[in-house]
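Here's the structure we're looking at; comments come further down.
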Amino acid sequence: MSQYKLVYYSGMNMNLVQGASEIVEADSFNDALSLKCSWPVFEARDHLSAAAQNPGTCVYYTEMWEAVLLDPKQASTSHDCYGDFSGMRY
């Protein structure tokens, strides 16, 4: 099991307030965030963090949970997740 740091954020647009953080053990981001909420989970592209935002909030007020993987060595941090940009022309 991996360790995740969970943090709660809420507040008005451009004025989010960070709540107390907590460290939990879980098998995945979904499992870690499901301990706090049942909101949809969106994982970051690098697979090192994820967030679950309340779908009932609007653009001007939000509340969400963020999970950060504390031991990234266990994560699959392959650079393939960024795509192959070698063929791009500048």
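Residue numbering for the sequence shown follows our numbering, beginning at -2 and increasing consecutively. Where a beta carbon is used, it is the ideal one built from N, C-alpha and C, also for glycine.
(request) Select from Gly16, Pro52 and Val4 the residue whose C-alpha is nearest the C-alpha of Pro37. (result) Your numbering for residue 37 matches position 40 in the sequence shown. The candidate whose alpha carbon is nearest that of Pro37 is Pro52.
(request) Taking the CB atoms as reference points, tell me whether Lys2 and Glu22 lie closer together than 9 Å. (result) If you number the sequence shown from 1, residue 2 lands on position 5. If you number the sequence shown from 1, residue 22 lands on position 25. No, the Cβ-Cβ distance between Lys2 and Glu22 is not below 9 Å.
(message) Let me check one thing: in DSSP terms, what residues is Lys2 bridge-paired to?
(response) On the sequence shown, position 5 is the one that residue 2 refers to. Per DSSP, Ile20 and Val65.
(request) Mind checking which residues open and close the alpha helix (DSSP H) that includes Ser31? (result) Sequence index remark: in the sequence shown, residue 31 carries index 34 (1-based). That run of the alpha helix (DSSP H) goes Phe26 to Ser31.
(request) State buried or exposed for Leu13, treating a residue as buried only when at least 16 other CB atoms are found within 10 Å of its CB. (result) Translated into positions along the sequence shown, residue 13 becomes position 16. Exposed, since its Cβ has fewer than 16 Cβ neighbours within 10 Å.
(request) For Phe26, count neighbouring Cβ atoms within 10 angstroms of its own Cβ and tell me buried if that reaches 16, exposed if not. (result) For the purposes of this step, residue 26 is identified with residue 29 of the sequence shown, where counting begins at 1. Buried: at least 16 other Cβ atoms inside 10 Å.
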